[in-house]
Amino acid sequence: MEKCRAFCESMDNNLLEDIIDSYHVWTKWKHNPDISVVSGRYQLDFEKWWYIPRPLIGEW
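Residue numbering for the sequence shown follows our numbering, beginning at 21 and increasing consecutively.
Pasting the structure below:
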């Protein structure tokens, strides 16, 4: 939290990189570096939702 407070005050890019590196060391979640996976899922859920047959909202 101290690093985040210091970043908010200084907006230093080096400090931001340090925060990101610290987060990746701290967390066990390994994110997928391929952004197309996330982008593709977003497109399916919010832009092409009408391609997939689903029940009417009134039936939920």
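The C-beta atom is built at its ideal place from N, Cα and C for all residues, glycine as well.
Give the range of the alpha helix (DSSP H) segment to which N34 is assigned.
Segment N33 to W46, the alpha helix (DSSP H) holding N34.
Assuming D38 and K23 are in contact, meaning their beta carbons sit under 8 Å apart, how far apart are those beta carbons, in whole angstroms?
6 Å
Looking at the secondary structure, which residues open and close the alpha helix (DSSP H) in which E29 lies?
E22 to S30
Can you give me the start and stop residues for the alpha helix (DSSP H) that Y71 sits inside?
Run containing Y71: none; DSSP gives neither H nor E here.
State the Cα-Cα distance for the pair D32 and A26, rounded to the nearest angstrom.
9 Å
Using only the alpha-carbon positions, how far apart do Y71 and L64 sit?
8 Å
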